[in-house]
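There are 2 protein chains.
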Amino acid sequence: MSQLILATRNKGKLKEIQALLSGLPYEIHSVLDYPNIPEVVEDGETLEVNALKKAREVFLASNIPTIADDSGLEVYSLNMMPGVISARYAGENVTYAENNQKLLKELENVPAKKRQARFRCVIALVTSTEEILFEGFCKGKIIEELRGSNGFGYDPLFIPDGFTATFAELSLEIKNIISHRALAMNQLKSYLSDLK
Amino acid sequence: MSQLILATRNKGKLKEIQALLSGLPYEIHSVLDYPNIPEVVEDGETLEVNALKKAREVFLASNIPTIADDSGLEVYSLNMMPGVISARYAGENVTYAENNQKLLKELENVPAKKRQARFRCVIALVTSTEEILFEGFCKGKIIEELRGSNGFGYDPLFIPDGFTATFAELSLEIKNIISHRALAMNQLKSYLSDLK
């Protein structure tokens, strides 16, 4: 069985991705299993650059094919912000609640039809022979108050198109079918399956 | 018949896009038909922001549903540069040849397997009720010398995956099947067809 490293220190994300990639003949580790691999600074200007940077650095340190992802919320009327700075929109080391408040403030008085947004996920796969990017989108809109307690980040403010519930009100089973990360992971999974 | 404006002043691009969107019940104009619409400065940090900006400004001035596109070449080993600055990579008001020389210089001594790149095209559609983005990719690699005289921009340096010819050696018929712009336009076309 081949090995893959997932360049994340987030145990929730690791679990989610292991579930999404289940069924493939790969043993999926996280960088947490390799304490000597230094932490990667996510200072790229785009999701693509961050995902590549994380995957490259972990691959260089481990020599094991590495997957890294970066995701962001892109709000059309805010010129696709917060995007790559989604996790630190309200500042460094802020809480999800602070980011959500900042987003609501930026969208104050913005009418419903101008609150379109999308979550975007970019996954980089770096091996000894190649670098590949995969991408997934989930389109929807930003509502005016927080709803739901599942998920994380901007989930309580985001209603995916075709639904009436926010990401934070939907079950993880549903979210794992329609989410940006699931769609990007499905592409990665197809790619890895074809390799075999 | 409904009308659409294409927010470009480039007659070659207008012709290409009219061909790609042929068969749809829309009359496609360019901003050149509306001399009072001011030129839009493409100073966004991403292709998405530029495409939205162009489409919004022309829609605001014309009140006619507007399509705008922005495209760029993203080279993995250059951290997805030149990307949004593809047209001005070597500076303001440069020629395609100068941009190509700059790219070759940046990739000097970079081995073949690290010369992966992709063209990316983002199309924005802005109407009175919505803003939508479409995206297309064409993956390939950057070679070490210019080859071919069709197309424009970085076409003589880019070989799409699965081919041995550069974009500048391929016919426009082939390019219009596999290119990033064609793939994004096909999505737009599907979307517009479904509206009818």
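Top to bottom, those sequences are chains A and B. For any residue, its number in the numbering used here is found by taking its place in the first sequence, counting from 1, and adding 401. For any residue, its number in the numbering used here is found by taking its place in the second sequence, counting from 1, and adding 401. Heads up, the beta-carbon is just placed ideally off N, CA and C, and yes, glycines get one too. Model, not experiment: these values are computed from the prediction.
Neighbourhood of residue i by C-beta distance below 6 Å, restricted to the same chain and skipping five residues each side
i	result
residue 554(B)	497
residue 403(B)	427
residue 453(A)	525
residue 536(A)	523 and 585
Residues bridged to residue i [DSSP beta-bridge criterion]
i	result
residue 468(A)	407(A) and 526(A)
residue 559(B)	543(B)
residue 578(A)	Beta-bridge pairing links residue 578(A) to no other residue.
residue 534(B)	525(B)
residue 517(B)	542(B)
residue 486(A)	BP columns for residue 486(A) are empty, so no partner.
residue 427(A)	403(A)
residue 474(B)	520(B)
Neighbourhood of residue i by C-beta distance below 7 Å, restricted to the same chain and skipping five residues each side
i	result
residue 422(B)	429, 586 and 590
residue 501(B)	547, 555, 557 and 558
residue 489(A)	495
residue 511(B)	478
residue 503(A)	490 and 491
residue 425(A)	590, 593 and 594
Chain A contact for residue i (CB, 8 Å cutoff)
i	result
residue 477(B)	yes
residue 588(B)	no
residue 514(B)	yes
residue 517(B)	yes
residue 596(B)	no
residue 480(B)	yes
residue 505(B)	no
residue 593(B)	no
residue 453(B)	yes
Distance CB(residue i)-CB(residue j) smaller than 8 Å
i	j	result
residue 514(A)	residue 530(B)	yes
residue 584(A)	residue 551(A)	no
residue 532(B)	residue 477(A)	yes
residue 525(A)	residue 456(A)	yes
residue 451(A)	residue 458(A)	no
residue 463(B)	residue 473(B)	no
residue 542(B)	residue 560(B)	yes
residue 521(A)	residue 407(A)	no
residue 471(A)	residue 527(A)	no
residue 519(A)	residue 475(A)	yes
Interface flag, residue i vs chain B, CB-CB below 8 Å
i	result
residue 416(A)	no
residue 432(A)	no
residue 440(A)	no
residue 530(A)	yes
residue 449(A)	yes
residue 421(A)	no
residue 542(A)	no
residue 508(A)	no
residue 494(A)	no
residue 407(A)	no
Same chain, Cβ closer than 8 Å to residue i, five either side skipped, listed in chain order
i	result
residue 433(A)	410, 412 and 415
residue 577(A)	417, 420, 421 and 583
Closer than 8 Å to chain D by CB, residue i
i	result
residue 474(A)	Absent here is chain D; the protein component of the structure consists of chains A and B.
Any non-hydrogen atom of the ligand HEM within 7 Å of residue i CB
i	result
residue 527(B)	Among the ligands in the structure shown, none appear at all, so the ligand HEM cannot be discussed.
Is the number of C-beta pairs between the region 467-477 of chain A and the region 430-445 of chain B that are closer than 8 Å three or more? Cβ pair count under 8 Å is below three, so no.
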